[in-house]
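In this text, residue positions in the sequence shown follow my numbering: the first is 52, and each later residue adds one.
Worksheet: one structure, shown below.
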Amino acid sequence: MDLSYTPEEEDFRARLQDWLVRVLPALPPKPSPDDWPGRRAYDLAWQRRLHDAGYADVHWDASPTLRLIFLEETERAGAPYVGANFVGLLHAGPTIAAEGTADQRARWLPPILRGEEVWCQGFSEPGAGSDLAALRTRAWRDGDAYVVTGSKIWTSHAEVADWCELLVRTDPGAPKHRGITWLAMPMDAPGVTVRPLRTLAGSAEFAEVFLDEVRVPVANRVGDENDGWRVTMVTLSFERGTAFAGEVVACRRVLGELAVEARKNGRWDDPALRRRLGRLDAEFRALWRLTQWNVSAAEASGGVPGAGGSVFKLRYSHARQELYDAAAQVLGPDCLDLDRPWALERLSSLSYTIAAGTSQVQHSIIAERILGLPKGR
Numbered sequence: 052m053d054l055s056y057t058p059e060e061e062d063f064r065a066r067l068q069d070w071l072v073r074v075l076p077a078l079p080p081k082p083s084p085d086d087w088p089g090r091r092a093y094d095l096a097w098q099r100r101l102h103d104a105g106y107a108d109v110h111w112d113a114s115p116t117l118r119l120i121f122l123e124e125t126e127r128a129g130a131p132y133v134g135a136n137f138v139g140l141l142h143a144g145p146t147i148a149a150e151g152t153a154d155q156r157a158r159w160l161p162p163i164l165r166g167e168e169v170w171c172q173g174f175s176e177p178g179a180g181s182d183l184a185a186l187r188t189r190a191w192r193d194g195d196a197y198v199v200t201g202s203k204i205w206t207s208h209a210e211v212a213d214w215c216e217l218l219v220r221t222d223p224g225a226p227k228h229r230g231i232t233w234l235a236m237p238m239d240a241p242g243v244t245v246r247p248l249r250t251l252a253g254s255a256e257f258a259e260v261f262l263d264e265v266r267v268p269v270a271n272r273v274g275d276e277n278d279g280w281r282v283t284m285v286t287l288s289f290e291r292g293t294a295f296a297g298e299v300v301a302c303r304r305v306l307g308e309l310a311v312e313a314r315k316n317g318r319w320d321d322p323a324l325r326r327r328l329g330r331l332d333a334e335f336r337a338l339w340r341l342t343q344w345n346v347s348a349a350e351a352s353g354g355v356p357g358a359g360g361s362v363f364k365l366r367y368s369h370a371r372q373e374l375y376d377a378a379a380q381v382l383g384p385d386c387l388d389l390d391r392p393w394a395l396e397r398l399s400s401l402s403y404t405i406a407a408g409t410s411q412v413q414h415s416i417i418a419e420r421i422l423g424l425p426k427g428r
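Right, dumping it as structure tokens:
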């Protein structure tokens, strides 16, 4: 498989680099991590800049390779992260683009691209996290609407979202993977209650969401009724396949910063630390090549990432944790000071072997879909 870039792709890279050099110095300061309304406004304003410059649709309409170049260059330049736009741009939007009707794509995709609407993800439940298909949030048909009752947990950006990509059970008598439906739920609908959750790192980008007979139009269903598990696999393939690509670049940048800090504070003299940083450098270089391979494979198969995304997600989750463990080794006792660089990131890295499917789930996907091993009983 050819992992090199074409002249047209390198031209795209050069034009993007030039635009970033001109635009980034003029950006306002980032709001406080606890100021979610401010962060929403900041993130939407950045998305609007991308839209006006012609880069907003790179996640959907551009080739997977251009998408990868975009993520690589924006992260390398220190551009704002997608932030509150994460679910809309990298999960719900690509899913609607791949599975939605023409009317659904016309309704939901332009506001995401223009930086006008924020989405959250309503998948996990208190009793259905790793075993997502065991979800119990119920939806029954009442005329031209579904009536939804239940609860969700770890709902990303729910406190500032306009829409929720919501999984519900529409046929409780069907096998658990076959009775699920994917809905787009307006967050301002009567019966929706949001309760923010504070993480170990002190942030509150997740929330519990309680649903009390919330009416969601049938027209908001993406895919067929009870076919939501298949649609969900499309969503998760984007989440595991390409959504973390920019973070690999960020980790490589952090690794270089750690080497600089270790030279300053004398810990570079520890050969074990130097070996650890060298191994991590090789690890993230390999992960970047794997990302390129996954993107090339997705491009050859119609744009939707395949099971190879699970290989990436599995190894990246652990490599990120190892990176910030190495950061603690570089910082020494200062790693307990949450105002120091990398201290908060070390806490948040603990969640990566759980988020977007636990490592145990990824092992099962790799075993069954790539290696062809039989399913466990």
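Note that the Cβ used here is the ideal one computed from N, Cα and C, for glycine as well.
Candidates the options: closest to residue i by CA position
i: Val265; options: Cys215, Phe335, Lys81 and Leu140; result: Cys215
i: Thr298; options: Ala107, Leu309 and Thr342; result: First, the residue type needs correcting, since residue 298 is Glu and not Thr in the sequence shown. Ranking the options by Cα distance to Glu298, first place goes to Thr342.
i: Trp97; options: Asp85, Arg118 and Gly129; result: Gly129
i: Phe335; options: Arg220, Arg371 and Trp319; result: Arg371
i: Ala313; options: Thr244, Arg397, Ala379 and Leu338; result: Ala379
i: Gly144; options: Arg397, Val282, Met238 and Trp339; result: Val282
i: Gly180; options: Ala418, Ile417, Pro425 and Gln411; result: Gln411
i: Met236; options: Lys364, Arg391, Gln155 and Trp280; result: Gln155
i: Ala394; options: Gln172, Tyr375, Ala184 and Pro223; result: Tyr375
i: Asp278; options: Phe261, Ser207, Ala240 and Pro226; result: Pro226
i: Ile429; options: Thr221, Leu287 and Asp239; result: There is no way to answer for residue 429, as the model of the chain reaches only from 52 to 428.
Rounded separation between residue i and residue j - CA only
i: Pro384; j: Ala157; result: 53 Å
i: Thr152; j: Trp159; result: 11 Å
i: Tyr367; j: Trp344; result: 15 Å
i: Ala113; j: Arg91; result: 25 Å
i: Asp182; j: Tyr197; result: 24 Å
i: Arg246; j: Leu324; result: 42 Å
i: Ala104; j: Glu256; result: 28 Å
i: Leu117; j: Phe63; result: 8 Å
i: Trp205; j: Pro58; result: 43 Å
i: Thr250; j: Phe174; result: 18 Å
i: Arg272; j: Asp195; result: 11 Å
i: Arg303; j: Ala310; result: 11 Å
i: Gln4; j: Glu124; result: As displayed, the chain neither begins before 52 nor continues past 428, which places residue 4 out of reach and without an answer.
Assigned secondary structure, residue i (DSSP; H/G/I helix, E/B strand, else coil)
i: Arg64; result: helix
i: Gln413; result: helix
i: Gly423; result: coil
i: Gly224; result: coil
i: Asp193; result: strand
i: Glu216; result: strand
i: Glu259; result: strand
i: Glu264; result: strand
i: Gly178; result: coil
i: Pro322; result: helix
i: Met52; result: Note that Met52 scores a pLDDT of 49, beneath 50, so its modelled location is shaky and nothing firm can be said.
i: Thr283; result: helix
i: Thr57; result: coil
i: Arg249; result: coil
i: Arg327; result: helix
i: Gly201; result: strand
i: Arg272; result: strand
Residue span of the alpha helix (DSSP H) that contains residue i, given as start and end
i: Ile405; result: Element bounds for Ile405: n/a, residue is neither H nor E.
i: Ala313; result: Ala296 to Asn316
i: Glu396; result: Ala394 to Ser400
i: Leu160; result: Ala153 to Leu164
Residue range of the beta strand (DSSP E) that includes residue i
i: Cys171; result: Trp170 to Gly173
i: Ile231; result: Ile231 to Pro237
Item checked: Every unbroken beta strand (DSSP E) inside the segment 79-147 [3 residues or more] -> none
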